[in-house]
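Protein chains in written order, with the UniProt record's numbering: chain D, 1 to 421; chain A, 1 to 421.
Glycine included, C-beta positions come from ideal geometry on N, C-alpha and C.
The model shown is predicted, which means the values in this text are computed figures rather than measured ones.
Number of protein chains: 2
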Amino acid sequence: MALVVQKYGGSSVATAERIRRVAERIVETKKAGNDVVVVVSAMGDTTDELLDLAQQVCPAPPAREMDMLLTSGERISNALVAMAIHSLGAEARSFTGSQAGVITTGSHGKAKIIDVTPGRVRAALDEGSIVLVAGFQGVSQDSKDITTLGRGGSDTTAVALAAALNADVCEIYTDVDGVFTADPRIVKDAQRLETVSFEEMLELAACGAKVLMLRCVEYARRYNVPVHVRSSYTTKPGTIVSGSMEDIPVEEALITGVAHDRSEAKITVVGIPDTPGYAAKVFRAVADAEINIDMVLQNISKVETGKTDITFTLPKSEGPRAVELLTKQQGDIGFTQVLFDDHIGKVSLVGAGMKSHPGVTAKFCEALADAGINIDLISTSEIRISVLVDDTELDDAVRALHAAFDLGGEEEAVVHAGTGR
Amino acid sequence: MALVVQKYGGSSVATAERIRRVAERIVETKKAGNDVVVVVSAMGDTTDELLDLAQQVCPAPPAREMDMLLTSGERISNALVAMAIHSLGAEARSFTGSQAGVITTGSHGKAKIIDVTPGRVRAALDEGSIVLVAGFQGVSQDSKDITTLGRGGSDTTAVALAAALNADVCEIYTDVDGVFTADPRIVKDAQRLETVSFEEMLELAACGAKVLMLRCVEYARRYNVPVHVRSSYTTKPGTIVSGSMEDIPVEEALITGVAHDRSEAKITVVGIPDTPGYAAKVFRAVADAEINIDMVLQNISKVETGKTDITFTLPKSEGPRAVELLTKQQGDIGFTQVLFDDHIGKVSLVGAGMKSHPGVTAKFCEALADAGINIDLISTSEIRISVLVDDTELDDAVRALHAAFDLGGEEEAVVHAGTGR
Numbered sequence: 001m002a003l004v005v006q007k008y009g010g011s012s013v014a015t016a017e018r019i020r021r022v023a024e025r026i027v028e029t030k031k032a033g034n035d036v037v038v039v040v041s042a043m044g045d046t047t048d049e050l051l052d053l054a055q056q057v058c059p060a061p062p063a064r065e066m067d068m069l070l071t072s073g074e075r076i077s078n079a080l081v082a083m084a085i086h087s088l089g090a091e092a093r094s095f096t097g098s099q100a101g102v103i104t105t106g107s108h109g110k111a112k113i114i115d116v117t118p119g120r121v122r123a124a125l126d127e128g129s130i131v132l133v134a135g136f137q138g139v140s141q142d143s144k145d146i147t148t149l150g151r152g153g154s155d156t157t158a159v160a161l162a163a164a165l166n167a168d169v170c171e172i173y174t175d176v177d178g179v180f181t182a183d184p185r186i187v188k189d190a191q192r193l194e195t196v197s198f199e200e201m202l203e204l205a206a207c208g209a210k211v212l213m214l215r216c217v218e219y220a221r222r223y224n225v226p227v228h229v230r231s232s233y234t235t236k237p238g239t240i241v242s243g244s245m246e247d248i249p250v251e252e253a254l255i256t257g258v259a260h261d262r263s264e265a266k267i268t269v270v271g272i273p274d275t276p277g278y279a280a281k282v283f284r285a286v287a288d289a290e291i292n293i294d295m296v297l298q299n300i301s302k303v304e305t306g307k308t309d310i311t312f313t314l315p316k317s318e319g320p321r322a323v324e325l326l327t328k329q330q331g332d333i334g335f336t337q338v339l340f341d342d343h344i345g346k347v348s349l350v351g352a353g354m355k356s357h358p359g360v361t362a363k364f365c366e367a368l369a370d371a372g373i374n375i376d377l378i379s380t381s382e383i384r385i386s387v388l389v390d391d392t393e394l395d396d397a398v399r400a401l402h403a404a405f406d407l408g409g410e411e412e413a414v415v416h417a418g419t420g421r
Numbered sequence: 001m002a003l004v005v006q007k008y009g010g011s012s013v014a015t016a017e018r019i020r021r022v023a024e025r026i027v028e029t030k031k032a033g034n035d036v037v038v039v040v041s042a043m044g045d046t047t048d049e050l051l052d053l054a055q056q057v058c059p060a061p062p063a064r065e066m067d068m069l070l071t072s073g074e075r076i077s078n079a080l081v082a083m084a085i086h087s088l089g090a091e092a093r094s095f096t097g098s099q100a101g102v103i104t105t106g107s108h109g110k111a112k113i114i115d116v117t118p119g120r121v122r123a124a125l126d127e128g129s130i131v132l133v134a135g136f137q138g139v140s141q142d143s144k145d146i147t148t149l150g151r152g153g154s155d156t157t158a159v160a161l162a163a164a165l166n167a168d169v170c171e172i173y174t175d176v177d178g179v180f181t182a183d184p185r186i187v188k189d190a191q192r193l194e195t196v197s198f199e200e201m202l203e204l205a206a207c208g209a210k211v212l213m214l215r216c217v218e219y220a221r222r223y224n225v226p227v228h229v230r231s232s233y234t235t236k237p238g239t240i241v242s243g244s245m246e247d248i249p250v251e252e253a254l255i256t257g258v259a260h261d262r263s264e265a266k267i268t269v270v271g272i273p274d275t276p277g278y279a280a281k282v283f284r285a286v287a288d289a290e291i292n293i294d295m296v297l298q299n300i301s302k303v304e305t306g307k308t309d310i311t312f313t314l315p316k317s318e319g320p321r322a323v324e325l326l327t328k329q330q331g332d333i334g335f336t337q338v339l340f341d342d343h344i345g346k347v348s349l350v351g352a353g354m355k356s357h358p359g360v361t362a363k364f365c366e367a368l369a370d371a372g373i374n375i376d377l378i379s380t381s382e383i384r385i386s387v388l389v390d391d392t393e394l395d396d397a398v399r400a401l402h403a404a405f406d407l408g409g410e411e412e413a414v415v416h417a418g419t420g421r
């Protein structure tokens with residue numbers, strides 16, 4: 001008998017009718033002889049409706065109360081799914097994150113899971129009950145206040161529970177059929193991947209693949225929890241994320257897929273004194289503001305001026321803040337000017353085989369050149385090549401790379417509307 | 001500096017705009033130099049919407065999950081009020097019933113408060129924060145599951161917190177201006193009462209006065225918590241419920257008011273052997289089904305038959321169940337037939353002075369007789385007279401008694417739509 005953790009997204013439980021369908025799938029899994037723990041996100045638009053209400057009563061709601069408000073969404077959906085299961089004749093019990101022992105840090109709105117102590121979950125399972133756990137939420141270790149995990153939090157809840165319960169698999173039910181060689185909305189012949197190693201999935205997620213959130217994959221990798229990404233609407237096989245890329249035979253491993261990201265912006269700090277410590281000042285200023293930067297490029301300094309430029313990318317939303325605080329410190333850091341560009345897109349090629357196959361970078365650049373796409377900035381890892389391009393050319397870049405590396409297949413992907421958690 | 005507990009009903013927080021108004025009142029109370037604890041019910045129709053969703057996924061939802069579902073309504077309203085207070089520049093923290101230490105029995109949907117351990121509430125108050133507590137809910141002592149207190153539960157939560165915190169007063173904000181000599185919707189010149197003793201309020205509540213739930217008054221009386229019933233929409237003085245009727249000077253005390261109740265039905269068990277133990281069998285059968293009965297009448301037995309009839313009233317909703325289980329035991333109990341009548345109404349006159357003023361019963365019956373209203377059944381307590389009449393004549397009966405005992409005044413009552421909790 002296996003222990004299966006299942007996670008269903010908000011769109012999978014958006015209506016009473018969908019809730020009943022999800023309940024049927026859960027009961028089937030139980031009847032197949034498995035112990036089942038289920039994590040459900042808030043119903044469809046609940047979160048947006050609650051956010052809207054909050055805005056109406058308070059322009060800048062305190063984070064603690066925002067978490068108290070939003071976590072009710074998962075309570076509602078989980079209780080309803082439990083009821084739907086009950087009406088199918090099976091036993092089900094729903095728990096809040098706190099009741100399920102999801103212990104987190106105290107940073108409201110973006111708390112991190114510190115520990116999971118699923119004593120009550122285990123007890124309910126031992127009594128033969130299906131267990132539902134409200135995703136996206138926990139209780140802070142110090143203040144005992146209710147916290148939320150931020151975007152993708154329900155996926156992380158599911159993987160964390162799977163790890164704590166030593167589950168055999170964590171099934172993430174979403175609105176696509178699995179992990180694809182590229183976004184099927186852009187590349188028509190994008191192919192579903194049967195398996196992906198944790199490292200490759202990490203790179204894909206980090207490069208903008210929306211199917212799984214980065215934190216969830218990091219958690220799964222750390223605790224070696226196999227993650228099965230499947231569609232809530234079909235019974236297609238989906239994609240298994242598990243194992244290390246080291247285990248992939250070199251002959252098989254080459255390119256996994258193409259990821260893209262429209263969420264970043266680019267800042268260029270022009271005319272920094274090219275002497276040790278000045279570049280550090282720039283990144284210190286940004287880091288102190290808790291802004292994550294992604295790609296970094298430092299140009300060769302111009303001998304005549306002894307000055308250099310530094311370019312880095314960051315989340316679009318943080319752009320204005322970063323520009324403002326850098327401008328404030330212009331005198332101190334002593335640069336000429338700050339340039340901001342949010343009309344960029346990042347396209348990445350990920351594959352465990354890259355390191356053992358020379359020429360991938362060349363082929364990559366040739367493909368983009370043939371498509372007449374100009375490369376703005378390049379960064380690479382052992383198993384990834386990422387470049388910045390003009391956002392208007394991003395889709396073409398994805399298609400060009402997908403074709404150049406023969407990633408296309410026959411299977412067509414079914415695409416549904418998705419939700420944030 | 002006083003400690004004030006305030007409770008606002010669902011209609012008082014039905015919209016963002018009303019939530020902001022409630023927040024203003026709360027902040028005023030805090031600025032006046034008081035410590036403030038607030039209990040808020042779920043927003044307007046939230047509960048009905050959740051009940052409707054539950055029905056859609058499960059015809060007979062398990063009580064435990066129903067409580068998990070419904071309690072989210074108070075979380076939402078309390079978090080929103082906390083945000084609204086925050087936007088007015090004051091500190092506010094909301095707690096679930098469980099976080100506030102509301103410990104209850106395990107009977108979901110109608111749990112009783114066993115104990116209140118408001119450690120976190122007290123700590124937040126000491127830090128100068130306004131505290132919000134989700135009403136209507138608690139956590140069961142044994143299973144640690146989330147429970148609800150049933151109808152009027154938020155009032156009970158407020159009074160229980162006031163008792164545990166040794167508050168100076170518990171203010172119940174509702175949609176009428178206070179406790180009246182009769183329902184202003186029926187009696188135009190019904191008068192607001194400035195003060196009512198606990199005993200009188202208990203009788204009024206027990207006889208159908210909706211303004212305060214019986215359990216809440218019982219709790220307030222047991223812990224001697226003064227309850228101030230006020231309107232959420234006006235600043236009128238309202239009604240203070242406090243003290244024992246023993247303290248009321250006999251000269252003042254006479255009649256407090258007229259209450260009425262449409263929620264009961266009448267069952268008559270005909271032809272019971274008039275020998276010891278048979279009547280008991282009837283009531284045992286009903287009691288074992290956990291059906292509360294109210295008025296009871298046993299007719300003088302007819303000598304020729306040696307049989308008697310027993311009539312009692314019970315909640316309309318329980319009628320069918322009671323008839324069914326009595327019919328099942330007809331052979332055992334040995335009666336002739338069961339009669340059921342749900343077209344009845346109960347009208348009651350309540351007043352501490354009754355016991356010391358002879359002739360009240362006579363005047364009572366004369367008033368109804370003059371109005372041509374037939375009395376079906378009478379029951380009395382030391383400070384109450386209740387009679388059953390035909391439900392079509394109930395309003396007339398209320399008006400007749402209100403007039404006969406000169407309870408009318410000048411002040412006109414403002415009437416708003418109300419909610420269950």
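Original post:
Looking at the structure shown, is A:SER98 part of a helix, part of a strand, or coil, going by DSSP?
Top reply: One-based indexing of the second sequence puts residue 98 of chain A at position 98. In the three-state reduction of the DSSP assignment, A:SER98 falls in the coil class, being assigned neither a helical nor a strand state.
Original post:
For D:LYS30, which of D:ALA2, D:ALA16 and D:THR15 has the nearest alpha-carbon?
Top reply: On the first sequence, position 30 is the one that residue 30 of chain D refers to. Of all alpha-carbon atoms in D:ALA2, D:ALA16 and D:THR15, the one lying nearest the alpha-carbon of D:LYS30 is that of D:ALA2.
**OP:** Measure from the alpha carbon of A:ILE344 to the alpha carbon of each residue in A:SER386, A:GLN329, A:MET201 and A:LYS307, then state which is nearest.
**Re:** Here the question's residue 344 of chain A lines up with position 344 in the second sequence. Looking at the Cα atoms, A:SER386 is the closest of the given residues.
Original post:
Can you tell me the Cα-Cα spacing of A:THR419 and A:GLY152, whole angstroms?
Top reply: Within the second sequence, residue 419 of chain A is the residue found at index 419, counting from 1. Within the second sequence, residue 152 of chain A is the residue found at index 152, counting from 1. Reliability fails at A:THR419, whose pLDDT of 39 lies under 50, so the model's placement of it is uncertain and no value is given.
Original post:
So which residues on chain A does D:MET83 lean against when the C-beta distance must stay under 8 Å?
Top reply: If you number the first sequence from 1, residue 83 of chain D lands on position 83. What D:MET83 touches in chain A: ALA54, VAL57, CYS58, PRO61, PRO62, GLU65, MET66 and LEU69.
Original post:
Taking the alpha-carbon positions, what's the D:VAL379 to D:ALA123 distance?
Top reply: What you label residue 379 of chain D is simply residue 379 of the first sequence in a count that begins at 1. What you label residue 123 of chain D is simply residue 123 of the first sequence in a count that begins at 1. Looking at the sequence itself, residue 379 of chain D is Ser, so the reference to Val does not match. The alpha-carbon atoms of D:SER379 and D:ALA123 are separated by roughly 49 Å.
Original post:
Alpha carbon to alpha carbon, how far is D:THR117 from D:PHE95?
Top reply: On the first sequence, residue 117 of chain D is found 117 positions in, with the first residue counted as 1. On the first sequence, residue 95 of chain D is found 95 positions in, with the first residue counted as 1. Their backbone Cα atoms lie some 13 Å apart in a straight line.
**OP:** Pull up the DSSP beta-bridge partners for D:TYR8, would you.
**Re:** For the purposes of this step, residue 8 of chain D is taken as the residue at position 8 of the first sequence. D:TYR8 is bridged by DSSP to D:VAL40 and D:TYR173.
Subject >> Reference D:GLU264; option with closest CA among D:ASP288, D:PHE283, D:ILE293 and D:GLY331 >> reply: As a position in the first sequence, residue 264 of chain D is number 264, starting the count at 1. Considering only alpha carbons, the answer is D:ILE293.
Subject >> Local conformation of A:ARG185 per DSSP, three classes >> reply: By one-based count along the second sequence, residue 185 of chain A stands at place 185. Coil, per DSSP.
Original post:
Would you say A:GLY97 and A:SER143 are within 8 Å of each other, going by their C-beta atoms?
Top reply: Locating residue 97 of chain A in the second sequence gives position 97, where the first residue counts as 1. Locating residue 143 of chain A in the second sequence gives position 143, where the first residue counts as 1. In terms of Cβ geometry, A:GLY97 and A:SER143 do not form a close pair [threshold 8 Å].
**OP:** State buried or exposed for A:VAL40, treating a residue as buried only when at least 16 other CB atoms are found within 10 Å of its CB.
**Re:** Within the second sequence, numbered from 1, the residue matching residue 40 of chain A stands at position 40. Per the 10 Å Cβ criterion, buried.
**OP:** Examine chain D for any beta-carbon lying closer than 8 Å to the beta-carbon of A:LEU325, and answer yes or no.
**Re:** On the second sequence, residue 325 of chain A is found 325 positions in, with the first residue counted as 1. No - not a single Cβ of chain D is within 8 Å of the one on A:LEU325.
**OP:** With DSSP as the reference, label D:HIS260 as helix, strand or coil.
**Re:** Position 260 of the first sequence, counted from the first residue, corresponds to residue 260 of chain D. D:HIS260: strand per DSSP, three-state reduction.
Subject >> DSSP-derived helix/strand/coil call for A:HIS86 >> reply: Here the question's residue 86 of chain A lines up with position 86 in the second sequence. A:HIS86: helix per DSSP, three-state reduction.
Original post:
the stretch 103-124 of chain D: which residues have C-beta closer than 9 Å to a C-beta of chain A, in chain order?
Top reply: Hits within the stretch, in order: ARG120.
**OP:** Buried or exposed for D:LEU394, please, with buried defined as at least 16 other CB atoms from any protein chain shown within 10 angstroms of its CB.
**Re:** As a working note, residue 394 of chain D is residue 394 in the first sequence. It counts as buried.
Original post:
In chain A, which residues lie less than 8 Å from D:ALA100 when you measure between Cβ atoms?
Top reply: Residue 100 of chain D sits at position 100 when you count from the first residue of the first sequence. Result: empty, since nearest Cβ-Cβ is about 12 Å, beyond 8 Å.
Subject >> CA-to-CA distance, A:TYR219 to A:ALA322, given in whole angstroms >> reply: For the purposes of this step, residue 322 of chain A is taken as the residue at position 322 of the second sequence. For the purposes of this step, residue 219 of chain A is taken as the residue at position 219 of the second sequence. If I take the Cα positions, the gap works out to 29 Å.
Original post:
Out of curiosity, what's the CA-to-CA distance linking D:HIS416 and D:ASP175?
Top reply: Counting from one through the first sequence, the residue named residue 416 of chain D turns up at place 416. Counting from one through the first sequence, the residue named residue 175 of chain D turns up at place 175. Note on D:HIS416: pLDDT 45, under 50, position unreliable in the model; no value is reported.
Subject >> residue 422 of chain D - DSSP class collapsed to helix/strand/coil >> reply: Residue coverage of chain D in this structure runs from 1 to 421, which leaves residue 422 of chain D outside it and unanswerable.
Original post:
In angstroms, rounded to a whole number, what distance separates the CA positions of D:ALA403 and D:PRO358?
Top reply: In the first sequence, residue 403 of chain D corresponds to position 403, counting from 1. In the first sequence, residue 358 of chain D corresponds to position 358, counting from 1. About 19 Å.
**OP:** Grab me the residues of D:LEU401's own chain with a C-beta within less than 6 Å of its C-beta, minus the 5 sequence neighbours each way, in chain order.
**Re:** Against the first sequence, residue 401 of chain D aligns to sequence position 401. The residues are VAL258, LEU349 and ALA367.
Original post:
Tell me which same chain residues have a C-beta within less than 6 Å of the C-beta of D:LEU214, skipping the five on either side of it?
Top reply: Locating residue 214 of chain D in the first sequence gives position 214, where the first residue counts as 1. Closer than 6 Å at the Cβ level, and outside the excluded window around D:LEU214, lie ALA205 and ALA206.
**OP:** Could you name the residues of the same chain whose beta carbon sits closer than 6 Å to that of D:PHE405, not counting the 5 residues immediately before and after it, in chain order?
**Re:** Along the first sequence, one-based indexing puts residue 405 of chain D at 405. For D:PHE405, the CB contacts under 6 Å within the same chain, skipping 5 residues up- and downstream, are ILE255 in chain order.
Subject >> Cβ pair A:MET201, A:ALA352 closer than 8 Å >> reply: The count along the second sequence starts at 1 and reaches residue 201 of chain A at position 201. The count along the second sequence starts at 1 and reaches residue 352 of chain A at position 352. Going by C-beta atoms, A:MET201 is not nearer than 8 Å to A:ALA352.
Original post:
Are there 16 or more other CB atoms within 10 angstroms of the CB of D:PHE340, so buried, or fewer, so exposed?
Top reply: On the first sequence, residue 340 of chain D is found 340 positions in, with the first residue counted as 1. Around the CB of D:PHE340, fewer than 16 other CB atoms lie within 10 Å, so the residue is classed as exposed.
**OP:** Return helix, strand or coil for D:VAL196, following the three-state DSSP convention.
**Re:** Position 196 of the first sequence holds residue 196 of chain D. Secondary structure of D:VAL196 (DSSP, three-state): strand.
Original post:
Given D:SER140, which residues of its chain have a CB within under 7 Å of its CB, disregarding the five upstream and five downstream residues?
Top reply: Locating residue 140 of chain D in the first sequence gives position 140, where the first residue counts as 1. Apart from sequence neighbours up to five positions away, the residues of its chain that approach D:SER140 with a beta-carbon distance below 7 Å are THR104, THR105, GLY106, ALA111 and THR147, ordered along the chain.
**OP:** Tell me, please, whether the stretch 63-74 of chain D touches the stretch 52-64 of chain A by the rule of three or more beta-carbon pairs shorter than 8 Å.
**Re:** The count of Cβ pairs closer than 8 Å, one atom from the stretch 63-74 of chain D and one from the stretch 52-64 of chain A, stays below three, leaving the stretches out of contact.
Subject >> Chain-ordered neighbours of D:ILE76 on chain A, where CB pairs are closer than 8 Å >> reply: The sequence position of residue 76 of chain D within the first sequence is 76, counting from 1. Neighbours of D:ILE76 in chain A, taken as residues at a C-beta separation under 8 Å, are given in chain order as LEU50, LEU53, LEU69 and SER72.
Original post:
A:ARG18 CB to nearest chain D CB: under 8 Å?
Top reply: Along the second sequence, read from residue 1 onward, the residue named residue 18 of chain A stands at position 18. No - not a single Cβ of chain D is within 8 Å of the one on A:ARG18.
**OP:** Determine the chain D residues that contact A:ALA79 at a beta-carbon separation under 7 Å, and present them in chain order.
**Re:** Numbered from 1 along the second sequence, position 79 holds the residue referred to as residue 79 of chain A. Against chain D, the beta carbon of A:ALA79 has neighbours under 7 Å at GLU65, MET68 and LEU69, listed in chain order.
**OP:** May I have the straight-line CA-CA distance separating A:VAL414 from A:SER232, to the nearest angstrom?
**Re:** By one-based count along the second sequence, residue 414 of chain A stands at place 414. By one-based count along the second sequence, residue 232 of chain A stands at place 232. Reliability of the predicted coordinates at A:VAL414 is poor, the pLDDT of 48 falling under 50, and the value obtained from them is presented with this limitation in mind. Their Cα atoms are separated by approximately 11 Å.
**OP:** Could you list which residues in chain D have their beta carbon closer than 9 Å to that of A:SER87, in chain order?
**Re:** The sequence position of residue 87 of chain A within the second sequence is 87, counting from 1. The contacting residues are VAL57, CYS58, PRO59, ALA60 and PRO61.
Original post:
Are three or more beta carbon pairs between the stretch 304-317 of chain D and the stretch 268-284 of chain D nearer than 8 Å?
Top reply: Flag = yes, the stretch 304-317 of chain D and the stretch 268-284 of chain D touch.
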